[in-house]
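Chemist: Below you'll find the structure I mean.
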């Protein structure tokens with residue numbers, strides 16, 4: 160465990176700076192690599208590991224796509240405790256919350272230990288999901304929207320054909336998926352955080368109104384159909400569901 164003072168990086172209420180009007184501003188994820196044949200992070204079975212929290216909607220995205228793509232035997236998962244303290248997300252070694260796991264790779268106490276192992280000078284947020292490379296002992300990616308796209312295609316050559324055929328980001332619908340993702344992220348996925356972490360009444364009211372306007376828009380969009388885009392499940396549905404189910 161690192162002795163570095165990382166309290167400001169672990170407190171969820173300090174996830175980012177707030178605007179002058181009290182509005183919540185989310186920080187960008189820091190590790191943005193991909194997995195691809197012949198690349199720095201090559202396609203290999205049991206090379207990668209996924210760290211998640213069931214309490215986190217962003218991490219739940221990755222869990223869902225991992226399951227849909229049949230990656231259970233290729234990318235193992237470790238679940239942290241949902242009780243985030245001053246040191247951030249803890250493993251079962253320090254918080255034996257039901258269904259929480261110990262870190263099987265390094266016996267870390269908190270997710271922050273992984274970040275500091277990957278980069279001792281890291282000064283960003285200690286978030287989940289974390290897609291970890293066991294060969295190079297570093298973080299591949301900690302941005303959920305990119306992790307689900309990695310899972311969607313990167314391992315197609317090493318999984319059963321029926322799972323490889325599952326395409327949550329089909330070429331024919333990408334423009335529409337991107338458009339839906341953009342406003343759903345801003346007003347719903349991140350909108351609930353803008354509401355919850357607003358520090359002024361004005362910022363709260365502005366954000367919460369947008370949440371409900373978008374929920375109304377979504378109800379209209381889904382009238383008479385099961386999916387947001389096209390006639391099959393796409394990443395747009397996954398990204399929305401993890402927020403609305405909460």
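In the numbering used here, the protein residues as written are 160 to 405. Yeah, the Cβ is synthetic: ideal placement off N, Cα and C, and Gly gets one too.
1) Cα-Cα, which of 325, 336, 215 is closest to residue 285?
2) From residue 313 to residue 332, what does the alpha carbon distance come to, in whole angstroms?
3) Could you give the distance in angstroms between the alpha-carbon of residue 393 and the alpha-carbon of residue 268?
4) Go ahead and pull the three-state DSSP assignment for residue 107.
5) Quick one: Cα of residue 174 to Cα of residue 397, how far?
6) From 373, 227, 370, 233, pick the residue whose C-alpha is nearest to that of residue 291; which is it?
7) Do residue 200 and residue 301 have their C-beta atoms closer together than 9 Å?
8) Candidates 246, 371, 387: which alpha carbon is nearest residue 334's?
9) Taking DSSP as the reference, what is the three-state secondary structure of residue 300?
10) What runs of the beta strand (DSSP E), each 3 residues or longer, lie entirely inside the stretch 280-368?
11) Which partner residues does residue 413 have in the DSSP bridge list?
12) With DSSP collapsed to three states, give me the class of residue 263.
13) Would you say the beta carbon of residue 313 comes nearer than 8 Å to a heavy atom of the ligand ADP?
14) In this structure, how does DSSP classify residue 216 when only helix, strand and coil are distinguished?
15) In whole angstroms, give me the CA-to-CA distance for residue 172 and residue 372.
16) I'd like the span of the alpha helix (DSSP H) that includes residue 275, first residue to last.
17) Within 10 angstroms of its Cβ, does residue 197 collect 16 or more other Cβ (buried), or is it exposed?
18) Considering only the alpha carbon of each residue, which of 346, 298, 369, 263 lies closest to residue 274?
19) Could you compute how far the alpha carbon of residue 289 sits from the alpha carbon of residue 209?
20) DSSP has residue 249 in a bridge; who is on the other side?
21) With DSSP as the reference, identify every bridge partner of residue 244, one or two as the case may be.
Modeler: Working from what's here:
1) In the chain shown, the residue the question calls residue 285 occupies position 126. Nearest option by C-alpha distance: 215.
2) The residue given as residue 313 occupies position 154 in the chain shown. The residue given as residue 332 occupies position 173 in the chain shown. Each residue's Cα considered, the two are about 19 Å apart.
3) Counting from 1 along the chain shown, the entry for residue 393 is found at position 234. Counting from 1 along the chain shown, the entry for residue 268 is found at position 109. C-alpha separation (whole angstroms): 35 Å.
4) In the structure as shown, the chain begins at 160 and stops at 405. Residue 107 is therefore absent and cannot be evaluated.
5) Within the chain shown, the letter at position 15 stands for residue 174. Within the chain shown, the letter at position 238 stands for residue 397. With a pLDDT of only 48 at residue 174, under the threshold of 50, the placement of this residue in the model should not be trusted; the figure read from the coordinates follows. Residue 174 and residue 397: Cα-Cα distance of roughly 23 Å.
6) Taking the chain shown and counting its residues from 1, the one referred to as residue 291 is at position 132. Answer by Cα proximity: 233.
7) Numbered from 1 along the chain shown, position 41 holds the residue referred to as residue 200. Numbered from 1 along the chain shown, position 142 holds the residue referred to as residue 301. No.
8) Here residue 334 is taken as the residue at index 175 of the chain shown, counted from 1. It is 387 whose Cα lies nearest to the Cα of residue 334.
9) Start at 1 with the first residue of the chain shown, and residue 300 comes out as number 141. The answer is strand: DSSP assigns residue 300 an E or B state.
10) 289-292, 297-300
11) With the chain running from 160 to 405 in the structure shown, residue 413 is simply not present.
12) Translated into positions along the chain shown, residue 263 becomes position 104. Residue 263 falls in the coil class under three-state DSSP.
13) No copy of the ligand ADP appears in this structure; indeed no ligand is present at all.
14) Counting from 1 along the chain shown, the entry for residue 216 is found at position 57. The answer is helix: DSSP assigns residue 216 an H, G or I state.
15) In the chain shown, the residue the question calls residue 172 occupies position 13. In the chain shown, the residue the question calls residue 372 occupies position 213. Interpretation of residue 172 is limited by its pLDDT of 49, a score under 50 that renders its predicted location unreliable; the figure taken from the coordinates is listed afterwards. For residue 172 and residue 372, the distance between alpha carbons rounds to 25 Å.
16) Here residue 275 refers to the residue found at position 116 when the chain shown is read from its first residue. That run of the alpha helix (DSSP H) goes 270-277.
17) Working through the chain shown from its first residue, we reach residue 197 at position 38. Exposed is the call here.
18) To locate residue 274, count along the chain shown from 1; it is residue 115. When only C-alpha atoms are compared, the closest one is 298.
19) Locating residue 289 in the chain shown gives position 130, counting from the first residue. Locating residue 209 in the chain shown gives position 50, counting from the first residue. Approximately 6 Å, taken between the alpha carbons.
20) Within the chain shown, residue 249 is the residue found at index 90, counting from 1. Bridge partners of residue 249: 269.
21) Here residue 244 refers to the residue found at position 85 of the chain shown. BP columns for residue 244 point to 247.
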